[in-house]
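Protein chains in written order, with my numbering: chain A, 1 to 713; chain B, 1001 to 1713. To keep things clear, I will list the structure first and then write my remarks on it.
2 protein chains.
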Amino acid sequence: MIYVMGPGHGGPAAVANSWLEGSYSQVYPDVSQDEEGMRRLFRQFSFPGGIPSHVAPETPGSIHEGGELGYSLAHAFGAAFDNPDLVVSCVVGDGEAETGPLAASWHSTKFLDPVRDGAVLPILHLNGYKIANPTVLARIPEEELVKMLEGMGYQPLIVSGSEPASMHQRMARALDEAMDRIAAIQRQARQRAGRAGRSFERAVWPMVVLRSPKGWTGPREVDGLPVEGTWRSHQVPLSGVRSDPGHLRQLEEWMRSYRPQELFGDSGAPVAELVALAPEGERRMGANPHANGGVLLRDLVLPDFRRYAVEFDGHGTHTSQATRVLGCFLRDVVRSNPDNFRIMGPDETASNRFSEVYEATDKVWQEEVLSTDEHLGRHGQVMEVLSEHLCQGWLEGYLLTGRHGVFNSYEAFVHIVDAMFNQHAKWLKVSRHLAWRWPIASLNYVLSSHVWRQDHNGFTHQDPGFLDVVMNKPAELVRVYLPPDANSLLSVADHCLRSRDYVNVVVAGKQPALDYLSMDEAVAHCTRGIGIWEWASTGGGADPDVVLACAGDVPTLETVAAADLLRQFFPELGVRVVNVVDLMRLQPAGEHPHGLPDAEYEALFTTDRPVIFAFHGYPWLVHRLTYRRRGHENLHVRGFKEKGTTTTPFDMVMLNDLDRFHLVIDVIDRVPGLAQRAAHVRQRMVDERSRHRAHTREFGEDPASVREWVWPY
Amino acid sequence: MIYVMGPGHGGPAAVANSWLEGSYSQVYPDVSQDEEGMRRLFRQFSFPGGIPSHVAPETPGSIHEGGELGYSLAHAFGAAFDNPDLVVSCVVGDGEAETGPLAASWHSTKFLDPVRDGAVLPILHLNGYKIANPTVLARIPEEELVKMLEGMGYQPLIVSGSEPASMHQRMARALDEAMDRIAAIQRQARQRAGRAGRSFERAVWPMVVLRSPKGWTGPREVDGLPVEGTWRSHQVPLSGVRSDPGHLRQLEEWMRSYRPQELFGDSGAPVAELVALAPEGERRMGANPHANGGVLLRDLVLPDFRRYAVEFDGHGTHTSQATRVLGCFLRDVVRSNPDNFRIMGPDETASNRFSEVYEATDKVWQEEVLSTDEHLGRHGQVMEVLSEHLCQGWLEGYLLTGRHGVFNSYEAFVHIVDAMFNQHAKWLKVSRHLAWRWPIASLNYVLSSHVWRQDHNGFTHQDPGFLDVVMNKPAELVRVYLPPDANSLLSVADHCLRSRDYVNVVVAGKQPALDYLSMDEAVAHCTRGIGIWEWASTGGGADPDVVLACAGDVPTLETVAAADLLRQFFPELGVRVVNVVDLMRLQPAGEHPHGLPDAEYEALFTTDRPVIFAFHGYPWLVHRLTYRRRGHENLHVRGFKEKGTTTTPFDMVMLNDLDRFHLVIDVIDRVPGLAQRAAHVRQRMVDERSRHRAHTREFGEDPASVREWVWPY
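In structure tokens, the structure reads:
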């Protein structure tokens, strides 16, 4: 069993118990089981250089960061998936229970297989108050509460009261009953699973509702106002101990009420009778390896991604759907790692073109299955729920307990989990500095159905800003990849699945798009992360008059097409095409481990030629990464300027001045001396834009000349 | 009654019905009620230059953007607050019902006053499928579903079937029953409210569960596969109409099945019998003024903010808690606008120091009230629920129906609603281009408990990145203010409460902090948005050797203190202090309406002197805003570098090199010639940092020398 603590400031429960059972001192030998260790234990609490008041990476036995509320139950279910022998007990605070992510998490049982997954035991703790207010679930009639929980598929066991001794007994009985019920569900389901032709029985899982006073066993009254059982016990019930002798005396009485002289020996260590209560070794709550998942982490069994390469007989001569190609690779990753790899998606896995994975696995589903349903199964490695919060929370729990996975999402809606991403990145940053926490698999996002291809969904689905959120987190943690085609996506995905302790964000298109690189070229290009595309440049890109840079599949198409137009109009113009896969390469070497040294950056971009950069996201992100580079004043970035609507892909790039014609205009306007002699070409580009926009408005699709364009050399 | 449509791609229901009742053609005269208008109506659907498939700003009668799912019910409740005669019917799709925000929204009834608020009628539409998967609520046993809804406080009326004629009758009966029940609840509550001494009765609100086939009355089978009643009807059931004569025939049969010849006259207009069904005038679903809230918008009655000014007898001689001062102003805004202004907070309103508002209003709460509770009331203008999603969704619904409000949040956790902010900004952008949509009150965020003052909460509570998310939205919509002290916060708040169609983000501290400006100075400074603080500069800031810029309360304190140190150490050094309140002033004038013209920017920052900028948020945001300015290469920004932990305020700024000592070091390192002659000062600054860090680690608090510092001149 592992223990997930949802309540804010719930850290002391885990820290103190871990110290009592000895696991804390094993991890932190200076916080020893004696008087000096106890002093350190107390003093470090919420103290500069110490530990947070929430459960945190620093807390042995925790996979859960308790600072931002809402994710405990999703983390708990994530930990239970593919862990058939694990029970995750999860305390949900009644404050946290008001959050959206937590409210959605109750339904996670609909995705939990009693045969091959473990169990979650939710303990809804109604102490009645959040910071300064009563909580909803503690104040509704108990009859309603029970109906709600039964309606969400649970059998609630209620433990309610304020007398400690009897409450402990009742809680113990409730836990026994819950564990027996869990065991019965699992036994029955696993026996049936072994027999042919037996129907599936739906599990109703137990849970505990614990109703106890807030600030229980703390001071009843302070300065004449009730504290125990009210919101006043939320933070520091006795705030005047330094100056108010009454407060100090009350604090001492309160502390003495626990009779420490009976609990600790002369050295400060807990007495033997207490120590004997705790389990031993890895069964201790602070020592369970599931809560330090890196310890259990097995490498993924990965097929050779090169096997999935698209056929290639020239740069830009064929088209593929990048994510569909990746889907074939993922299908075999699924197959080779049946209990160690999951794909999460908010009902978008098929829409993002990963359907090939259903050749290898089902979508997990514990409710009724109809004859018209496809690919639903009691067990499955794909999880589809229309909640980005649940996808993220489940995956975090799965990764933190030592497994691997991918979260695929529409690009725009991954913003829904910005805050969860932030907290996971913070967890990783702290964990990396704790030698006893072993590295875990990276959190991999594949963002598809991206800003440039929301032809029918329109403006609400057009938002590439997650990259900006990601880039605010420390350089040692975050990686952003924009593979331009199918082969480079395969190479990037393989790299991400092998990595540890990162957040990898991969943006990839799902629509048919040109294949630019052979597999060997893609591997070489992705390994460098950035490079000159000689075949798309004039004269191999040597001594350019202008640099056309690009990152992202659609900007790359427009850039390569612009290079082609420039070659036709100005055969003597030196054009260099630079493609960026690994966005971090743009940063100075001192800012990011992947950052290019200045000399290499300048060798690619020059220091004195105009650079027209076609970027997938908001253009200023590129400026933010490059403002320290020499020649930055020559850099002109085109990207998404929040000009979006329901329209065709080519109309979208025109709306944002990222289209091939506008890139040619940008070159004409910026290469010294070109504007005078190229006025007719410039005008032709302006006319082409008008013509294409008119065509789109008339026919609702891009002109054939744009759709059918392929690299002609 | 207004109608909120949650289901994705639910736009046609509103658009078609609005056209049938005539309100659509009133707003869009070219989409007339005749054959040509009907052609335009159909053709614009999900077509370039046309309208989205979701409900959207373009949809008359809608306050709800249907592109990103999860917010329909929160919007509906927001619309109902303080609208006692309004019923908001809200269709919740069973896909949307899986999201966290929607799951949390059911409990909104706990905050709805039957006396002074209107009603919400949720209609949970179980058509069984999301994009490619069954939905949870459609597949659980109906007994469980009913329990769940009853447990969440509703009386569900179930309408289930597939035979259109009888289903219409049953749905009508269910709606009649629901409306009668709503009327009875309101009548009873309002009668009781008029009588003294009568106890409160808890309302159990009606709702409808509508179970009907997905793709209802569409093609039953296509190409031998079932479509009606399955996930296959999600998008385009007949995709081959252009090339497959069978598909085309089936499409025609399907369309003819609705017997258009009976519904429309020769001109293409609906027949009189149909037209007579719709209500008239503003009762039509596309013409209700509540759904075009700007029409109903009344200006706030605002007291003179200058009345709340803190006493001032010198720059930096006293301290105030800025948000507490703002709370006094807000208290009187609340008082003067009892049915037109609400404050939303995720249980943080008191923590953010706005408690003074409770002198004027209660926190709204419909559940049991205990004798130990404070400031809870059946009606109240403060709404406290531990869900940022609900706070944001309620406020959006409230604003969109023509009222005013403020959302106060811990700075870090406002990231929880990044995606909702994005969608609201998109709504505003589109609305501004629709002449018939009237401007609404701005969405005002007050972010407190910010990154620099999370002394005990630590790293999880330290994240200033919302500003970066906000800055990705169009310049005409977003405003970011960082008032340095209490008086400037008052001035900014007054400005925000008077504004329209913006998103205003105000970051303000809640801890005691120096008052830098008199009220008159604050008004002048905030009106300019940026300016030289002569009193903190040497020689009034004329002809500086170095510019110290700052934005945010804590960075301003460190900057002013650094200027003081520099004056002591280098009396001959020209130091200019520039404070930035309105972050948008940093952008070029061509990029933002508030952007400073280059000449003014250069007059403040110079083009050739080092600028050390102490910034509240991530430092690269300042670079992003200023990279085009002359002299940008001299700009050195200090800000939050994701170095956080549980520690004191001064330790936090030291961790991120933003402290006064490091700013002095930055000046020494960057002013030409200073480094050589100031080596001893530099070393002293290094030593001060070490000494202060050691003090903090030892005593858990900042040294008195730092805490008690005030501007000495």
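Idealized CB from N, CA, C, for every residue including glycine.
Option nearest residue i by Cα separation, candidates the options
i, options, result
"B:N1340", "B:A1508, B:E1356 and B:G1380", "B:G1380"
"A:V55", "A:P484, A:L490, A:V575 and A:W427", "A:W427"
"A:V241", "A:A562, A:H234, A:S449 and A:E253", "A:E253"
"B:I1343", "B:R1259, B:Q1392, B:L1517 and B:V1204", "B:Q1392"
"A:G286", "A:T606, A:A13, A:W711 and A:G673", "A:A13"
"B:E1719", "B:S1162, B:G1161, B:P1156 and B:S1166", "The requested residue 1719 of chain B is not part of the displayed model; chain B covers only 1001 to 1713."
"B:T1527", "B:V1547, B:P1544 and B:L1596", "B:L1596"
"A:Y601", "A:D373, A:I532 and A:I131", "A:I532"
"B:P1346", "A:V430, A:Y129 and A:H389", "A:Y129"
"B:M1167", "B:S1257, B:S1212 and B:L1124", "B:S1212"
"B:P982", "B:T1135, B:D1117, B:G1316 and B:V1382", "Residue 982 of chain B falls outside the range modelled here, since chain B spans only 1001 to 1713, and no answer is possible."
"A:L586", "A:Q568, A:R567 and A:C550", "A:C550"
Close beta carbons around residue i, own chain, < 7 Å, minus the five adjacent residues each side
i, result
"B:P1279", "none"
"A:P555", "A614, F615, H616 and L658"
"B:Y1071", "P1101, G1393 and M1420"
"A:E282", "N288 and P289"
"A:S351", "S449"
"B:S1488", "L1517, A1522, H1525, C1526 and V1581"
Residues near residue i in its chain [Cβ-Cβ closer than 8 Å; skip 5 each side]
i, result
"B:H1290", "I1002, I1063, A1079, N1083, L1086, L1296, T1401 and G1402"
"B:P1649", "W1452, R1453, D1455, Q1511, V1554 and D1702"
Minimum Cβ-Cβ distance from residue i to chain B less than 7 Å
i, result
"A:I131", "yes"
"A:K147", "yes"
"A:A493", "no"
"A:V385", "yes"
"A:N444", "no"
"A:P164", "no"
"A:Y398", "no"
"A:F413", "yes"
"A:W205", "no"
"A:A419", "yes"
Cβ neighbours of residue i in the same chain (closer than 6 Å, five flanking residues each side left out)
i, result
"B:N1444", "V1406, C1496 and N1504"
"A:G552", "L482 and H616"
Burial state of residue i (16 or more Cβ within 10 Å)
i, result
"A:E642", "buried"
"B:D1455", "buried"
"B:V1275", "exposed"
"B:S1409", "buried"
"A:H433", "exposed"
"B:V1271", "exposed"
"A:G314", "exposed"
"A:E396", "buried"
"A:R797", "Chain A is shown from 1 up to 713; residue 797 of chain A falls before or after that span and cannot be answered."
Proximity test, Cβ basis, 7 Å: residue i and chain A
i, result
"B:G1010", "no"
"B:S1018", "no"
"B:N1352", "no"
"B:N1579", "no"
Beta carbon proximity, residue i to chain D, threshold 7 Å
i, result
"B:P1101", "This model lacks chain D altogether; the protein chains it does include are A and B."
**Study point:** Length-filtered (4 minimum) alpha helix (DSSP H) runs lying within the region 1290-1378 of chain B
**Key:** Secondary structure in the region 1290-1378 of chain B: the alpha helix (DSSP H) runs of 4 residues or longer, each lying completely within the stretch, are 1322-1336 in chain order.
Practice item. Can you check the region 141-229 of chain A for any beta strand (DSSP E) of at least 3 residues that lies completely inside it and give the ranges in chain order? Key: Listed in chain order, the beta strand (DSSP E) runs fully inside the region 141-229 of chain A are 154-160 and 205-211, counting runs of at least 3 residues.
**Study point:** Runs of alpha helix (DSSP H) wholly within the region 1514-1554 of chain B (minimum 4 residues, chain order)
**Key:** Scanning the region 1514-1554 of chain B from its first residue to its last, the whole alpha helix (DSSP H) runs of 4-plus residues come out as 1519-1528.
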